[in-house]
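Sequence lines, in order, name chains A and B. For the first sequence, my numbering begins at 1276 and goes up steadily by one. For the second sequence, my numbering begins at 1276 and goes up steadily by one. Ideal placement from N, C-alpha and C gives every residue a C-beta, glycine not left out. Here the structure is laid out as structure tokens; the discussion comes afterwards.
Protein chains: 2
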Amino acid sequence: MKKIVTLGGGTGNFTVLKGIKNFDIDISAIVSMADDGGSTGILRDELGVLPPGDVRQCLVALSDSSRLMRDLMNYRFQQGGLGGHSFGNLLLSALEKVTGSFEKAVEEAGKILYIKGKVIPVTTHQVRLKMILRNCQVLEGEKEIYLSQEIEKGYSSIYLEPYPKANPQAINEIMNADLIVVGPGGLHTSLIPNFLVEGISDALRKSDAKKVFIVNLMNRKGQTTEFKVSHYLAELERFIGEDIFDYVLVNNQKPPQELIELYAEEGDLVENDLKEERIRPAALLGELRKGIKKDLLKRNLIRHDSKKLAQELMKIVDHL
Amino acid sequence: MKKIVTLGGGTGNFTVLKGIKNFDIDISAIVSMADDGGSTGILRDELGVLPPGDVRQCLVALSDSSRLMRDLMNYRFQQGGLGGHSFGNLLLSALEKVTGSFEKAVEEAGKILYIKGKVIPVTTHQVRLKMILRNCQVLEGEKEIYLSQEIEKGYSSIYLEPYPKANPQAINEIMNADLIVVGPGGLHTSLIPNFLVEGISDALRKSDAKKVFIVNLMNRKGQTTEFKVSHYLAELERFIGEDIFDYVLVNNQKPPQELIELYAEEGDLVENDLKEERIRPAALLGELRKGIKKDLLKRNLIRHDSKKLAQELMKIVDHL
């Protein structure tokens, strides 16, 4: 059975995992530990736990349990002192307290949710993502970076503090992979943080696995405005190594003009400016859900289809 | 297979269920819905859910899942906005929100915990326990009643507001029981509230099941000070019906004098003043855990042994 390892965090990762789960492959999801916003941020601050949010999404994506259990994991309390916490985050934090280890907590949550494959924190050290902008302003934490509109003017440094060693299990999975999938996801907030962990980029370079990058559909205003495929690749390869990706999956399906306009406040479409052999254009857009309300987050309107993504990845796997 | 139905709430109920779980019988635990203290009270107030605390204890008692899962259910968050909440309470409340029904939530939690038997809320209406003292003071809520030291001076009324109908499933279980077990537990706060629900006392009287009352070991100062077995029976039978109990299990083992003295601030030993046939004296005390600290809640020092309780109950079951 071929082994696919994903590296990421957030919703992009969720979409990939949800799609590939249905194929006969061995899956390991390595997850960024930089998240510090929302419910996750509060739990880190108040309980001193490792960030559960991205791990929770991976667990749900890989879960073979009932719809109810998956809904439960994503349920967010609305009121009072619990307001904003998702139940799954509380489960992971309580399990971390009871077992004494975040890794063990993730493993136990995986059993409760009957997940296919494994979910592995990229590091088990408590870290904060920091970024120094070219104007010398320091952005403290993933949330602050995520909300900044100044990143497109350039930054001089991005790093995790304190500089963490990789989880040995993550290194092991990378070394034994047949295919490694990076993206889609927030470039500075979900993808790069994985390569700021000591040993991860090294392992990627040394691994015999083929590497594929799934390019984001949309840029994020103030962060990656007008980025093209070449910019994404250049930015990632700066941290991992030149020409690291053997395949680059790029969407070539145009979203309805109406949606592009709706989305314009948040960002523009990522265009492909490369004609290299490794570029694989494909129709990857998700269907627009009927009756979707215009006041929903616009960025949810243009998104990858997990089935289409999985099919393209499986074409690569079939040729390994 | 014989069917045992327990009626109660709190730790006493937990002890009974934990013991009888290991025998080849059909168990249904009917649980009081009057709790409004601590984590449970906050969840009721903030989220509008039904009280999870007593149900959680029953689920854990009947659970066949791993030690870790049971520890998780009882884990209490220590800090921040979550401080004081037990994880199991959050699970039940989140499940109630996701399924839209407390009964369904209890059922699903039972599946997650692989429970033996069933846990059934005595009513699914939102109610508050109230008590009017003889001096006309109104005690609002189970917690206020639990903390009052004035009850021994007499009360004129105890009731649930609004007056709730029984959960039909609870009635059904009572009518089909072979043995119904009441107690041990807080007389006014865990036991009587079950009989203030419309239809429950009626069902007990109509049911062909044998009924057994397990008398508390200790009185609660200011509430049942110097109560003897006859007082407990009189008080309960006032709500259920005269001579309702076919068996009365009474501990006849004396705790060490040292412990009685330690406990004196909280209450005195319940003495047996009856010589009726239905009275069944037996050694029911739990072993004192070694190395137990004196600053622990003293009331945990003198407690029933779940195995001994279960053995006495099984002697009754064997003669049904």
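**Asked** Per DSSP, A:TYR1434 forms a beta bridge with which residues?
**Response** According to DSSP, which records beta bridges pairwise, A:TYR1434 is partnered with A:LYS1405.
**Message:** Only counting the same chain, and skipping five residues up and downstream in sequence, which positions put a Cβ closer than 7 Å to that of B:LEU1370?
**Reply:** Short of 7 Å from the beta carbon of B:LEU1370, and not among the five residues preceding or following it, lie these beta carbons of its own chain, in chain order: ALA1380, GLU1383 and ALA1384.
**Asked** How long is the line joining the alpha carbons of A:ASN1491 and A:GLU1415, rounded to whole angstroms?
**Response** If I take the Cα positions, the gap works out to 24 Å.
**Prompt:** Using a C-beta cutoff of 8 Å, does B:ASP1346 count as contacting chain A?
**Reply:** True, the Cβ-Cβ gap to chain A drops below 8 Å.
**Message:** Residues in the same chain with beta-carbon distance under 6 Å from B:ARG1578, minus the five sequence neighbours each way, listed in chain order, please.
**Reply:** Closer than 6 Å at the Cβ level, and outside the excluded window around B:ARG1578, lie GLY1561.
**Prompt:** Whose CA, out of A:HIS1463, A:LEU1435, A:ILE1467 and A:ASN1447, lies closest to the CA of A:SER1482?
**Reply:** A:SER1482 has its Cα closest to that of A:ASN1447, out of A:HIS1463, A:LEU1435, A:ILE1467 and A:ASN1447.
**Asked** Looking only at its own chain, which residues have a Cβ that is under 6 Å from the Cβ of B:ARG1555, when we skip the five neighbours before and after it?
**Response** Within the same chain, TYR1522 and LEU1524 come within 6 Å of B:ARG1555 by CB-CB distance, once the 5 residues on both sides are set aside.
**Request:** Just confirm the distance between the C-beta atoms of B:GLY1497 and B:SER1432, as a whole number of angstroms; I'd bet it's less than 8 Å.
**Result:** At roughly 18 Å, the Cβ-Cβ gap does not stay under 8 Å, so B:GLY1497 and B:SER1432 are not in contact.
**Item:** Cβ neighbour criterion (16 or more within 10 Å) applied to A:LEU1508
**Value:** Buried is the call here.
**Three-way DSSP call (helix, strand, coil) for A:VAL1592 in this model** = The three-state secondary structure of A:VAL1592, taken from DSSP, is helix.
**Request:** Compute the Euclidean distance between the alpha carbons of B:ASN1526 and B:LEU1559, then round it to the nearest angstrom.
**Result:** Cα-Cα distance, rounded: 5 Å.
**Request:** State buried or exposed for A:THR1500, treating a residue as buried only when at least 16 other CB atoms are found within 10 Å of its CB.
**Result:** Exposed.
**Message:** Taking CB distances under 8 Å as the criterion, tell me whether A:ASP1570 reaches chain B.
**Reply:** The predicted position of A:ASP1570 is uncertain, since its pLDDT is 48 and thus under 50; no value can be drawn from it.
**Prompt:** In whole angstroms, what is the alpha-carbon distance linking A:VAL1457 and A:PHE1488?
**Reply:** Distance between the alpha carbons of A:VAL1457 and A:PHE1488 is about 5 Å.
**CA-to-CA distance, A:SER1476 to A:LYS1391, given in whole angstroms** = A direct Cα-Cα distance of roughly 26 Å separates A:LYS1391 from A:SER1476.
**Positions along the region 1471-1489 of chain A whose CB lies within less than 8 Å of some CB in chain B** = Among the residues of the region 1471-1489 of chain A, none has a Cβ less than 8 Å away from any Cβ of chain B.
**Asked** Among B:CYS1333, B:VAL1373 and B:GLN1354, which residue has its Cα nearest to the Cα of A:ARG1351?
**Response** Comparing Cα positions, the closest option is B:VAL1373.
**Request:** Using a Cβ-Cβ cut-off of less than 9 Å, list which residues of the region 1297-1323 of chain A approach chain B; keep chain order.
**Result:** Residues of the region 1297-1323 of chain A that bring their beta carbon within less than 9 Å of a beta carbon in chain B comprise ILE1317, LEU1318, ASP1320, GLU1321, LEU1322 and GLY1323, in sequence order.
**Message:** Please classify A:TYR1389 as buried or exposed, where buried requires at least 16 other C-beta atoms within 10 Å of its C-beta.
**Reply:** Flag for A:TYR1389 reads exposed.
**Request:** Under 7 Å between beta-carbons, which chain B residues line up against A:VAL1373? List them in chain order, please.
**Result:** Going along chain B in sequence order, the residues near A:VAL1373 (Cβ under 7 Å) are LEU1343, ASP1346, LEU1347 and TYR1350.
**Message:** Short of 8 Å Cβ to Cβ, which residues in the region 1383-1410 of chain A face chain C?
**Reply:** In summary, chain C is missing from the structure at hand, where the protein chains are A and B.
**Asked** Would you report the Cα separation of A:PRO1327 and B:LYS1405, rounded to the nearest angstrom?
**Response** Their Cα atoms are separated by approximately 42 Å.
**Item:** Cβ shell of B:LYS1393 (< 6 Å), same chain only, five flanking positions each side left out
**Value:** Scanning its chain for C-beta atoms nearer than 6 Å, with the 5 sequence neighbours on each side dropped, one finds around B:LYS1393 the residues SER1303, in chain order.
**Asked** Which stretch, first to last residue, makes up the alpha helix (DSSP H) that contains B:GLY1385?
**Response** From DSSP, the alpha helix (DSSP H) with B:GLY1385 extends over 1377-1387.
**Message:** Buried or exposed for A:LEU1463, going by 16 or more other Cβ atoms inside 10 Å?
**Reply:** Leu is not the amino acid found at residue 1463 of chain A; the sequence shown has His there. The residue in question, A:HIS1463, is buried, as its Cβ has 16 or more Cβ neighbours within 10 Å.
**Own chain residues within Cβ distance below 7 Å of B:PRO1396, not counting five before or after** = These residues qualify, in order along the chain: VAL1306, MET1308, LEU1325, VAL1330, PHE1377, GLU1378, VAL1381 and ASN1442.
**Message:** For the alpha helix (DSSP H) containing A:PRO1530, name the first residue and the last one.
**Reply:** Run containing A:PRO1530: none; DSSP gives neither H nor E here.
**Asked** In the structure shown, what three-state DSSP assignment does A:LEU1325 receive?
**Response** For A:LEU1325, the secondary structure class from DSSP, reduced to helix, strand or coil, is coil.
**Request:** Just grab the DSSP bridge partners of B:HIS1360 for me.
**Result:** For B:HIS1360, which the question treats as bridged, DSSP gives no partner whatsoever.
**Prompt:** When you check each C-beta in the region 1498-1525 of chain B against every C-beta of chain A, which residues fall closer than 7 Å?
**Reply:** Taking 7 Å as the Cβ-Cβ cut-off against chain A, none of the residues of the region 1498-1525 of chain B qualify.
**Request:** Report the residue from A:HIS1594, A:SER1368 and A:GLY1287 whose alpha carbon sits nearest the alpha carbon of A:GLN1332.
**Result:** The residue with the shortest Cα to Cα distance from A:GLN1332 is A:GLY1287.
**Message:** On a Cα-Cα basis, can you pick out the residue from A:ASN1469, A:LEU1292, A:SER1340 and A:GLU1427 that is closest to A:ARG1258?
**Reply:** As shown, chain A starts at 1276 and ends at 1595. That puts residue 1258 of chain A outside it, with no answer to give.
**Request:** Look up B:TYR1350 in the DSSP assignment and say whether it is helix, strand or coil.
**Result:** B:TYR1350: coil per DSSP, three-state reduction.
**Prompt:** CB B:VAL1280 to CB B:THR1398, shorter than 8 Å?
**Reply:** For B:VAL1280 and B:THR1398, no; Cβs fall outside 8 Å.
**Asked** Does DSSP put A:ALA1309 in a helix, in a strand, or in coil?
**Response** In this structure, DSSP gives A:ALA1309 a state outside helix and strand, which the three-state scheme calls coil.
**Request:** Check the C-beta distance from B:ALA1539 over to B:GLU1587 and give it rounded, since I have them as a contact under 8 Å.
**Result:** Not a contact, Cβ separation roughly 28 Å.
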